[in-house]
Amino acid sequence: MNFLNQVIGGNEIIEKVEMMRIYADNAATTKLSDVAFKAMLPYMKSKYGNPSSIYNEGREAAKALNTARKNIATHLGCGINEIIFTSGGTESDNQAIISAAKHGAKENKKHIISSAFEHPAVLNTLETLKHQGFDITFLDVNTNGIIKPIQVEQAIREDTCLVTIMYANNEIGTIQPIGEIGKICREKDVIFHTDAVQAVGYLPIDVNKEKIDMLSLSAHKFHGPKGIGVLYAQNRILLHTIMSGGNQENGKRAGTENIPAIVGMSVALDECRKNMDYNTEKLTRMKKKLIDGLSTIPDCTVNGTLHRSLPGFINFSFKGVDSESLVLLLDDKGIAVSAGSACSSSSHLPSHVLLAIGRSPELAYSSLRISLCKYNTDEEVDYIIKNVTDAVNYLRSQAP
Ligand code: PLP
678 MNFLNQVIGG
688 NEIIEKVEMM
698 RIYADNAATT
708 KLSDVAFKAM
718 LPYMKSKYGN
728 PSSIYNEGRE
738 AAKALNTARK
748 NIATHLGCGI
758 NEIIFTSGGT
768 ESDNQAIISA
778 AKHGAKENKK
788 HIISSAFEHP
798 AVLNTLETLK
808 HQGFDITFLD
818 VNTNGIIKPI
828 QVEQAIREDT
838 CLVTIMYANN
848 EIGTIQPIGE
858 IGKICREKDV
868 IFHTDAVQAV
878 GYLPIDVNKE
888 KIDMLSLSAH
898 KFHGPKGIGV
908 LYAQNRILLH
918 TIMSGGNQEN
928 GKRAGTENIP
938 AIVGMSVALD
948 ECRKNMDYNT
958 EKLTRMKKKL
968 IDGLSTIPDC
978 TVNGTLHRSL
988 PGFINFSFKG
998 VDSESLVLLL
1008 DDKGIAVSAG
1018 SACSSSSHLP
1028 SHVLLAIGRS
1038 PELAYSSLRI
1048 SLCKYNTDEE
1058 VDYIIKNVTD
1068 AVNYLRSQAP
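Each number in my numbering comes from the position in the sequence shown (counting from 1) with 677 added on.
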């Protein structure tokens, strides 16, 4: 997809060949929406007050903060004072897990249930707690990439202080039965946290109906700005502050609130919720097209299930093909996709998610994640299918 631009510079016409880029790695991050960007601008330039200040500029910022808090609370189905603004998914996950663990430890409850395919923000926090004497049960994930509620029920013990299971997986997009898990935890009086970073903006979530006690979200996954997120924590949860400082966020998270980013996040979430049906229909259609197109490539395996996964999200393994070479070849063709999660792309280890669902290391090293968003088009999907097919054929033809 080369586009010839003529740029007039002085007397000469400079011909510039520009490669059009197709961005299909929306699980890593998303493009900031225009509406969110415009909404943020005044709070970066003219309305720069600190929401903790009592004079006019401060009150103006506090008003924007409260409006965003109310809006996000409405979308999640919780109370306004149950929304805590954080720097993103990682911080929200850390604070949720550490809070439940501290509270549990006071009651001599030091058992936590999670799954083997969580994000590192959860896994590494649990690893730290393990060194502090917590016992962690990692539930097995079946080959479809789904945890069964009965597994959670059977794993809960007298000393369980927390169940933390992600809403949708960031490498294979599979959606967990969160409502059923929430019901079990509520009946057993165990705190339930879900990392919903990949799900918010794409699925309708109601923390009350789904009996979720704590939830993490991050704006840059749904066309909001980076470096901003939310921890929803039900009022009954005693939150432990992980940073010492001022009394912002009702004493639950210290540091001056990032008003431009909070406003952008709120507007981006509004947009996603308003257009959710339309976007889901479009993404589901494009995903089907991708699946139909890529399934014609010999020796390909779907990672996870396509029936219970995020719209627009697929993960395939192509036997004998090195993922990194595939991603780089596609990059040359103007396509941005990934082998797995952005966080682990430098580790050179096989994906822990793919190993958790029973894939061999060989298949884990030959995976490709494509995650579409509302800005992608059918024409782009056709281009992706053609180029993935050509690249896989080429790499296989080069194999010794
Ligand atoms: N949890 C999941 C499932 C994610 O996909 C990510 C980001 O990739 C995070 C947590 C971390 O979020 P953030 O980048 O906002 O720290």
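Where a beta carbon is used, it is the ideal one built from N, C-alpha and C, also for glycine. Remember, it's a predicted structure, so these values are computed and weren't measured experimentally.
- The DSSP-derived three-state label of C755 is coil.
- Between L1003 and V1069, the beta carbon gap of about 7 Å places them in contact (Cβ cut-off 8 Å).
- In terms of Cβ geometry, D1055 and M942 do not form a close pair [threshold 9 Å].
- Rounded to whole angstroms, the gap between the alpha carbons of A1076 and A1016 is 19 Å.
- Considering only T707, D872, K786, the residue with the shortest C-alpha distance to T841 is D872.
- Short of 7 Å from the beta carbon of A716, and not among the five residues preceding or following it, lie these beta carbons of its own chain, in chain order: V940, G941, V944.
- The residue among I936, L916, N935, P937 with its C-alpha nearest the C-alpha of N927 is L916.
- Of the other Cβ atoms in all chains shown, 16 or more fall within 10 Å of the Cβ of T802; this residue is therefore buried.
- The segment 844–851 makes no contact with the segment 906–922, as fewer than three CB pairs between them are under 8 Å.
- Contact check for L908 against T805 fails: the beta carbons are separated by 9 Å or more.
- By the neighbour-count criterion, in which a residue is buried when 16 or more other Cβ atoms sit within 10 angstroms of its Cβ, T837 is buried.
- An exposed status is given to K886, since fewer than 16 other beta-carbon atoms sit within 10 Å of its beta-carbon.
- For C1050, the three-state secondary structure derived from DSSP is coil.
- Within 10 angstroms of the beta-carbon of Q831 lie fewer than 16 other beta-carbons, which makes it exposed.
- Between L967 and E759, the alpha-carbon positions lie close to 40 Å from each other.
- Classified as exposed, N733 has fewer than 16 neighbouring CB atoms from the shown chains inside 10 Å of its CB.
- Put simply, of G766, V867, N980, Y1052 the residue whose alpha carbon is nearest the alpha carbon of N821 is N980.
- Secondary structure at V907: strand, using DSSP grouped into helix, strand and coil.
- Not one heavy atom of ligand 1 lies closer than 8 Å to the C-beta of E1001.
- Secondary structure of H808 (DSSP, three-state): helix.
- DSSP, read as helix, strand or coil, puts M891 in strand.
- For N801, the CB stays at least 8 Å from every heavy atom of ligand 1.
- Between ligand 1 and A1016, a heavy atom-to-CB distance of less than 8 Å is absent.
- For the pair L1040 and S994, the CB atoms are nearer than the 9 Å cut-off.
- Between G901 and L709, the gap from beta carbon to beta carbon is short of 9 Å.
- In its chain, beyond the 5 residues on either side, D999, S1000, P1027 have a beta carbon closer than 7 Å to the beta carbon of Y1042.
- Residue state for S1044 is assigned as strand, using DSSP reduced to three classes.
- The segment 886–897 and the segment 767–777 touch, with no fewer than 3 CB-CB distances between them shorter than 8 Å.
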